[in-house]
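Undergrad: Chains as they are written, first to last, in the working numbering: chain A, 306 to 515; chain B, 570 to 654. My questions all concern the structure below.
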Amino acid sequence: MSAEGARAELRSDGLPAVTPSDAQLLERTARGDKSAFGEFVERHRGAVFRFARWCTADAADAEDVLQQTFVSAWRAAGDVRAEHGARPWLLSIARRAAAKARQRHDERRSRESSIEELGEAAGFGDERFTPERIAQATEQRTCIEAALTRLAADEREILVLRDVEGLDGAATAELLGISLAAQKSRLHRARLRWAAELRTCLDQEAQHAR
Amino acid sequence: MRGEREVAGLRCGQVLEQLSEYLEGELAPEVRGRIEAHVRACDHCARFGGVFSAAVGALRVVLRGSGEQADAHARLDDLLGRLER
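Shown next, in the form of structure tokens:
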């Protein structure tokens, strides 16, 4: 068979003729065909999750975004025009859901803005959060590193400069272009925030182990 | 704050606020002495001080080992080896 002939067997969107198009699957989905929707989800779930994972920078948020995206797709299947494939439409839904997830994070941050609230989130008054649990976490590393990935970029930055590279306060303040007092405050808040994320991670691990 | 109390002229919140500076040895001796007097008499602050200190120590230990990704360094060595003037 010539290359020309092989192309002729493909539809305009490049899929083999035997494969239903996104538009066909969505038409069947709109009529309540769950197997068509299942095929549609299988086709796009990887791309949606990948996009969500890097937009939210958080695996749990990405999972929420993945679910919300396909729930929305199920509900709106009859309204969408997908002649050229549904992926851009799905990614636009995922993008809105990811933006909401980021907004929730920001709101949570501003709610925890006082040192007292940060301290409580970090385990002040929690008798179960002990140096021994932290020693176990150090051996596994997972939660220590995962907690760091959940911080804002400026929080990660100051922890690495001070606690990993060992720069002193004055050098760090100069490097970041902030006052010494602002540097002290940012470091302390970042440490408390990180300890709070560490505590959350350890609690989740303990729940999974049960 | 849960269990907040005032000991040695300091509230728990004030101790909490200065924990990083305490760990770094950045406080004046008089302030340091008041914090230590508070912590000796306050279970909450003693426990949290221990947790916070252990957490910062763990962060340092774990992350200082994270610059040793062999693949990344091998690729850099490879790149540097191919640089020409």
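For every residue, glycine included, the Cβ atom is placed at its ideal position computed from N, Cα and C.
Count the CB pairs spanning the stretch 328-340 of chain A and the stretch 396-403 of chain A that are closer than 8 angstroms, and state whether there are at least three.
TA: No, the stretch 328-340 of chain A is not in contact with the stretch 396-403 of chain A.
Undergrad: I'd like to check one pair, A/P436 with B/V620: are the Cβ atoms closer than 7 angstroms?
TA: Counted from its first residue, the second sequence places residue 620 of chain B at position 51. Counted from its first residue, the first sequence places residue 436 of chain A at position 131. Yes. Within cutoff.
Undergrad: Do B/R603 and B/L588 have their C-beta atoms closer together than 7 angstroms?
TA: Along the second sequence, read from residue 1 onward, the residue named residue 603 of chain B stands at position 34. Along the second sequence, read from residue 1 onward, the residue named residue 588 of chain B stands at position 19. No. Outside cutoff.
Undergrad: Return helix, strand or coil for A/L456, following the three-state DSSP convention.
TA: Position 151 of the first sequence, counted from the first residue, corresponds to residue 456 of chain A. Coil at A/L456, not helix or strand.
Undergrad: Go ahead and label B/R571 buried or exposed: buried means 16 or more other beta carbons lie within 10 angstroms of its beta carbon, across all protein chains shown.
TA: If you number the second sequence from 1, residue 571 of chain B lands on position 2. Flag for B/R571 reads exposed.
Undergrad: Helix or strand or just coil, what does DSSP make of A/R312?
TA: As a first step, residue 312 of chain A must be located in the first sequence, where it is residue number 7. Confidence at A/R312 is low in this model, with a pLDDT of 37, below 50, so its placement is unreliable and no value can be given for it.
Undergrad: Check whether the stretch 443-460 of chain A touches the stretch 477-496 of chain A, taking contact to mean three or more Cβ pairs, one atom from each stretch, closer than 8 angstroms.
TA: The answer is yes - the stretch 477-496 of chain A touches the stretch 443-460 of chain A, with three or more Cβ pairs under 8 angstroms.
Undergrad: Identify whether A/E444 lies in helix, strand or coil by the three-state DSSP scheme.
TA: On the first sequence, position 139 is the one that residue 444 of chain A refers to. In this structure, A/E444 counts as helix in the three-state DSSP scheme.
Undergrad: Does B/L579 have its Cβ less than 7 angstroms from a Cβ in chain A?
TA: Counting from 1 along the second sequence, the entry for residue 579 of chain B is found at position 10. So, not an interface residue.
Undergrad: Would you mind working out which of A/K489, A/E470 and A/D327 sits nearest B/E595, comparing C-alpha positions?
TA: Locating residue 595 of chain B in the second sequence gives position 26, counting from the first residue. Nearest of A/K489, A/E470 and A/D327 to B/E595, Cα basis: A/K489.
Undergrad: For A/L466 versus A/L472, is the C-beta spacing smaller than 7 angstroms?
TA: Translated into positions along the first sequence, residue 466 of chain A becomes position 161. Translated into positions along the first sequence, residue 472 of chain A becomes position 167. Yes. Within cutoff.
Undergrad: Kindly indicate if chain B contains any beta-carbon less than 7 angstroms away from that of A/L480.
TA: Translated into positions along the first sequence, residue 480 of chain A becomes position 175. Answer no: the Cβ-Cβ gap between A/L480 and chain B never drops below 7 angstroms.
Undergrad: My understanding is that A/V254 touches A/A406, with C-beta atoms under 8 angstroms, so please give their C-beta distance in whole angstroms.
TA: What the structure shows of chain A is the stretch from 306 to 515, and residue 254 of chain A is not part of that stretch, so it cannot be assessed.
Undergrad: Should A/E444 be flagged as near chain B, meaning a C-beta pair shorter than 7 angstroms?
TA: Numbered from its first residue, the first sequence carries residue 444 of chain A at position 139. No, A/E444 does not count as interfacial toward chain B.
Undergrad: At 4 residues or longer, and completely inside the stretch 337-405 of chain A: list those alpha helix (DSSP H) runs for me, N to C.
TA: With a minimum length of 4 residues, the continuous alpha helix (DSSP H) runs that stay inside the stretch 337-405 of chain A are 339-361 and 364-381.
Undergrad: Determine the direct distance from the alpha carbon of A/H410 to that of A/G390, and round the result to whole angstroms.
TA: Within the first sequence, the letter at position 85 stands for residue 390 of chain A. Within the first sequence, the letter at position 105 stands for residue 410 of chain A. Cα to Cα, the separation comes out at about 32 angstroms.
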